[in-house]
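First comes the structure, then the notes that go with it.
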Amino acid sequence: MRALIVEDEPQVAAFIAKELQAHGLVPDVAVDGLQGMEKAATGHYDIILLDWMLPKRNGIDVCRAIRVKDPHVPILMLTALDGVEEQVKGLGAGADDYLAKPFDVGVLVARVNALLRRASGRGTGKLLVCADLVLDNEAKRVERAGQEIRLTAREFALLHYLLERKGKVTHRSDILDHVWDTSFETESNVVDVYINMLRRKVDKPFGRPLIHTVTGMGYIIRDDAP
Ligand code: CA
182 MRALIVEDEP
192 QVAAFIAKEL
202 QAHGLVPDVA
212 VDGLQGMEKA
222 ATGHYDIILL
232 DWMLPKRNGI
242 DVCRAIRVKD
252 PHVPILMLTA
262 LDGVEEQVKG
272 LGAGADDYLA
282 KPFDVGVLVA
292 RVNALLRRAS
302 GRGTGKLLVC
312 ADLVLDNEAK
322 RVERAGQEIR
332 LTAREFALLH
342 YLLERKGKVT
352 HRSDILDHVW
362 DTSFETESNV
372 VDVYINMLRR
382 KVDKPFGRPL
392 IHTVTGMGYI
402 IRDDAP
């Protein structure tokens with residue numbers, strides 16, 4: 182698998198290249214927008230990581246130019262701009278995903294893997310993502326830091342519901358309504374039991390918890406990374 186990194190900061194480019202190489206990809210670097218367009222036009226790459234702020238041509242122009250020639254190559258935009266407007270612009274120009282700098286390297290690798298897998302046809306459709314946790318609903322597959330996590334159908338449904346509501350507090354009663362069809366008694370602790378099982382698989386082995394308890398209310402999944 183060949184990856185093109187379009188990045189004008191040599192240290193950032195070298196860091197990304199090293200990480201991708203460690204995960205079995207063959208990286209190549211373009212140092213400005215123009216070189217990025219030229220290299221991408223060869224069609225030699227399985228994925229393109231594209232910085233937003235670039236000399237000669239900006240990331241949006243490069244993204245549009247690539248899409249004219251190649252509608253399918255996965256493009257991951259990397260940028261220090263974190264506004265909704267910029268995200269919409271990036272995705273509107275044909276990017277598949279978007280990562281704000283500074284990013285966690287585990288998150289970068291997880292997104293790259295998810296895009297490559299989607300491009301190869303194993304699993305399509307929307308990915309639900311929180312940090313380095315990726316849920317592919319079509320493929321019914323969950324990964325964290327590139328490692329597959331095996332969940333039961335109920336655990337999968339619970340994680341899916343929390344991820345759909347990422348960053349929002351979800352009450353136990355809402356979880357019961359959406360993940361369990363039958364109506365349990367209100368004092369039932371089934372939700373807490375399943376949350377604990379989910380945590381053992383999704384959070385504990387990875388050190389950084391994503392599922393948080395909001396005392397007296399319910400649960401929230403969010404990325405607390407600085
Ligand atoms: Ca830059």
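Per this note's numbering, residue 182 is the first one in the sequence shown, and the count goes up by one each step.
The C-beta atom is built at its ideal place from N, Cα and C for all residues, glycine as well.
Going by DSSP, what residue range makes up the beta strand (DSSP E) through residue i?
i	result
G275	From DSSP, G275 is part of no beta strand (DSSP E); its letter is neither H nor E.
G399	G399 to I402
V395	I392 to V395
L257	I256 to T260
Nearest to residue i by CA position, among the options, is which residue?
i	options	result
L309	V350, L340, V286 and Q328	L340
V372	I356, V288 and T394	I356
A246	L259, H225 and A276	A276
L259	T396, A194 and R389	A194
L343	K385, T333, N370 and I376	I376
D358	R403, I229 and R335	R335
Y400	L257, R381 and H352	H352
V212	R238, R389, G205 and E266	R238
N370	V383, E329, S354 and I228	S354
L206	I402, E329 and V293	V293
L280	A261, R331, I402 and K321	A261
V395	K349, P283, I229 and R381	K349
Kindly indicate the opening and closing residues of the alpha helix (DSSP H) around residue i.
i	result
P208	It is not in any alpha helix (DSSP H) - P208 instead sits in the beta strand (DSSP E) that spans V207 to A211.
A246	G240 to K250
V166	Since the first residue shown for the chain is 182 and the last is 407, residue 166 is missing from the structure and cannot be characterised.
D232	Not the alpha helix (DSSP H): D232 falls in the beta strand (DSSP E), residues I228 to D232.
M182	Taken as a continuous stretch (DSSP letters only), M182 belongs to no alpha helix (DSSP H), as it is neither H nor E.
L379	V371 to V383
P191	P191 to A203
K220	G214 to A222
If you draw a straight line from the alpha carbon of residue i to that of residue j, how long is it in whole angstroms?
i	j	result
R346	C311	11 Å
K171	F196	No statement about residue 171 is possible, as the shown extent of the chain runs from 182 to 407 and does not include it.
G240	F387	33 Å
A295	N318	12 Å
D278	L272	7 Å
E190	W233	12 Å
H393	A184	35 Å
T223	A203	24 Å
L201	G397	43 Å
V315	K385	16 Å
E324	I256	20 Å
L391	R248	34 Å
T333	Q192	42 Å
E329	R322	7 Å
A320	V374	26 Å
T305	E266	Its pLDDT being 49, under 50, T305 is placed unreliably in this model, and the value from its coordinates should be taken loosely. Whole-angstrom Cα-Cα distance: 26 Å.
R331	L379	10 Å
R381	L297	27 Å
K199	V383	27 Å
I229	K282	16 Å
Please list, in chain order, all residues of the same chain as residue i whose beta carbon is under 8 Å from its beta carbon, the five residues on each side excluded.
i	result
V243	V187, G214, G217, M218, A221, L231 and L235
H253	A300
A326	G287, V290, A291, D313 and F387
K250	A221, A222 and G224
R403	C311, K347, G348, L391 and H393
Determine, using beta carbons only, whether residue i comes closer than 7 Å to chain B.
i	result
R238	The question asks about chain B, but that chain is absent: this structure has only one protein chain.
Spatial neighbours of residue i within its chain, please: C-beta separation below 6 Å, excluding the five flanking residues on both sides.
i	result
F337	none
A274	I241, C244 and R245
D209	L185
Which residues in the same chain as residue i place their Cβ atom closer than 7 Å to its Cβ, once the five residues preceding and following it in sequence are excluded?
i	result
H225	R183
Query raised in the report: What residue ranges within the segment 276-336 form continuous alpha helix (DSSP H) runs of no fewer than 4 residues, ordered along the chain?
Result: 286-300
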